[in-house]
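Following: one structure in structure tokens, then a few remarks.
This is the structure in structure tokens:
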């Protein structure tokens with residue numbers, strides 16, 4: 119496989135049969151996040167610029183992320199910093215940025231675009247976060263069927 | 032996502048090549064992509080439009096430039112729906128055998 123180089127912005131987009139408010143809830147509500155994001159436990163906290171967004175492993179023994187909210191415009195735009203703390207090598211890299219954009223689309227669907235950028239100083243993180251496809255497919259399945267996609271075998 | 036649009040978009044060697052170029056380096060302009068293909072600008076635009084229609088490519092503006100990004104989500108969904116389901120242990124063993132025979136050939 120070709121290694122990816124010079125890629126400092128990644129874009130993921132999908133349509134979800136749900137309202138923008140439901141998608142917004144899915145990306146900000148700790149209980150919902152745990153169901154499609156590897157069981158991650160997000161600390162409850164204020165949804166406002168400058169607030170912390172701290173996530174833990176499912177048993178809360180390990181800090182997975184300690185990020186900061188950069189923009190918060192419900193139910194359209196949510197931006198936060200990103201550093202993968204679950205792996206020492208990734209944690210040593212520079213901070214990057216994740217932007218969630220939600221737009222109403224045709225037929226009662228919402229268009230969700232996730233942009234992961236500012237990855238210049240985080241090449242290993244850039245390679246590892248390709249897993250966003252899996253997370254987002256999971257999120258779509260959860261919102262459309264009420265159940266997450268079966269775990270990967 | 033419309034599966035038909037994705038399969039149709041993938042059923043063309045030029046479009047698959049465009050996706051490979053974006054996989055190597057994402058966020059390219061039409062001019063950069065055009066420079067790598069023996070094809071008119073209009074031809075490349077037409078193919079990019081089909082890829083965008085299928086959701087495989089997403090374009091975003093940066094200043095005056097329009098950058099094209101590979102969107103891997105539809106391929107993930109095709110994988111979940113059409114590949115994972117039919118992938119049997121036996122089939123994968125046969126593919127491993129094929130690969131190892133071809134590597135040593």
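Chains as they are written, first to last, in this note's numbering: chain A, 119 to 271; chain B, 32 to 136. Where a beta carbon is used, it is the ideal one built from N, C-alpha and C, also for glycine.
Whole angstroms are fine: how far does the CA of residue j sit from the CA of residue i?
{"i": "residue 43(B)", "j": "residue 186(A)", "result": "43 angstroms"}
{"i": "residue 150(A)", "j": "residue 261(A)", "result": "9 angstroms"}
{"i": "residue 145(A)", "j": "residue 36(B)", "result": "28 angstroms"}
{"i": "residue 110(B)", "j": "residue 34(B)", "result": "11 angstroms"}
{"i": "residue 125(B)", "j": "residue 113(B)", "result": "19 angstroms"}
{"i": "residue 20(B)", "j": "residue 85(B)", "result": "Any property of residue 20(B) remains undetermined from this structure, which presents chain B solely from 32 to 136."}
{"i": "residue 205(A)", "j": "residue 93(B)", "result": "32 angstroms"}
{"i": "residue 73(B)", "j": "residue 263(A)", "result": "41 angstroms"}
{"i": "residue 131(B)", "j": "residue 81(B)", "result": "36 angstroms"}
{"i": "residue 60(B)", "j": "residue 78(B)", "result": "14 angstroms"}
{"i": "residue 95(B)", "j": "residue 69(B)", "result": "25 angstroms"}
{"i": "residue 180(A)", "j": "residue 153(A)", "result": "18 angstroms"}
{"i": "residue 53(B)", "j": "residue 64(B)", "result": "9 angstroms"}
{"i": "residue 66(B)", "j": "residue 103(B)", "result": "23 angstroms"}
{"i": "residue 232(A)", "j": "residue 62(B)", "result": "25 angstroms"}
{"i": "residue 164(A)", "j": "residue 117(B)", "result": "45 angstroms"}
For residue i, which residues of its own chain have a beta-carbon under 7 angstroms away from its beta-carbon, when the five flanking residues on both sides are left out?
{"i": "residue 57(B)", "result": "100 and 101"}
{"i": "residue 210(A)", "result": "none"}
{"i": "residue 266(A)", "result": "153, 154, 256, 259 and 260"}
Measure from the alpha carbon of residue i to the alpha carbon of each residue in the options, then state which is nearest.
{"i": "residue 48(B)", "options": "88(B), 35(B), 36(B) and 34(B)", "result": "88(B)"}
{"i": "residue 139(A)", "options": "253(A), 242(A), 243(A) and 218(A)", "result": "218(A)"}
{"i": "residue 240(A)", "options": "227(A), 253(A) and 200(A)", "result": "200(A)"}
{"i": "residue 178(A)", "options": "190(A), 157(A), 168(A) and 253(A)", "result": "157(A)"}
{"i": "residue 83(B)", "options": "67(B), 72(B) and 105(B)", "result": "105(B)"}
{"i": "residue 280(A)", "options": "264(A), 168(A), 258(A) and 164(A)", "result": "Residue 280(A) cannot be examined here, being either before or after the span of chain A that is shown, 119 to 271."}
{"i": "residue 148(A)", "options": "176(A), 232(A) and 162(A)", "result": "162(A)"}
{"i": "residue 155(A)", "options": "182(A), 231(A), 193(A) and 212(A)", "result": "182(A)"}
{"i": "residue 142(A)", "options": "166(A), 193(A) and 225(A)", "result": "193(A)"}
{"i": "residue 135(A)", "options": "210(A), 266(A), 252(A) and 226(A)", "result": "226(A)"}
{"i": "residue 75(B)", "options": "115(B), 46(B) and 117(B)", "result": "46(B)"}
{"i": "residue 130(A)", "options": "266(A), 249(A), 164(A) and 265(A)", "result": "249(A)"}
{"i": "residue 255(A)", "options": "40(B), 63(B), 107(B) and 71(B)", "result": "107(B)"}
{"i": "residue 159(A)", "options": "176(A), 252(A) and 257(A)", "result": "176(A)"}
With a CB to CB cut of under 6 angstroms and the five nearest residues on each side skipped, what residues in its chain are close to residue i?
{"i": "residue 234(A)", "result": "128, 216 and 247"}
{"i": "residue 60(A)", "result": "No statement about residue 60(A) is possible, as the shown extent of chain A runs from 119 to 271 and does not include it."}
{"i": "residue 184(A)", "result": "172"}
{"i": "residue 90(B)", "result": "97 and 99"}
{"i": "residue 202(A)", "result": "208 and 243"}
{"i": "residue 236(A)", "result": "214 and 215"}
{"i": "residue 212(A)", "result": "239 and 240"}
{"i": "residue 40(B)", "result": "46, 81, 82, 85 and 87"}
Tell me which residue opens and which closes the alpha helix (DSSP H) that residue i is part of.
{"i": "residue 241(A)", "result": "241 to 246"}
{"i": "residue 142(A)", "result": "138 to 146"}
{"i": "residue 172(A)", "result": "It is not in any alpha helix (DSSP H) - residue 172(A) instead sits in the beta strand (DSSP E) that spans 170 to 174."}
{"i": "residue 52(B)", "result": "44 to 55"}
{"i": "residue 250(A)", "result": "250 to 263"}
{"i": "residue 156(A)", "result": "Run containing residue 156(A): none; DSSP gives neither H nor E here."}
{"i": "residue 75(B)", "result": "72 to 84"}
Leaving out five residues on either side along the sequence, give the residues of the same chain with a beta carbon under 8 angstroms from the beta carbon of residue i.
{"i": "residue 197(A)", "result": "187, 188, 189, 190, 215, 216, 217 and 218"}
{"i": "residue 126(A)", "result": "235, 236, 237, 238 and 244"}
{"i": "residue 195(A)", "result": "189, 217, 218, 219 and 220"}
Counting along the chain, where does the beta strand (DSSP E) carrying residue i start and finish?
{"i": "residue 207(A)", "result": "Careful: residue 207(A) lies outside any beta strand (DSSP E), inside the alpha helix (DSSP H) at 206 to 209."}
{"i": "residue 223(A)", "result": "214 to 223"}
Quiz item: What are the residues of the stretch 77 to 106 of chain B that lie near chain A, defined by any Cβ-Cβ distance shorter than 7 angstroms?
Solution: 86, 89, 91, 100, 102, 103 and 104
Quiz prompt | Residues in the stretch 51 to 63 of chain B having any Cβ partner in chain A nearer than 9 angstroms | solution = 51, 54, 55, 56, 57 and 58
Quiz prompt | Short-range partners of chain B found in the stretch 242 to 254 of chain A, where Cβ spacing is below 9 angstroms | solution = 248, 250, 251, 252 and 254
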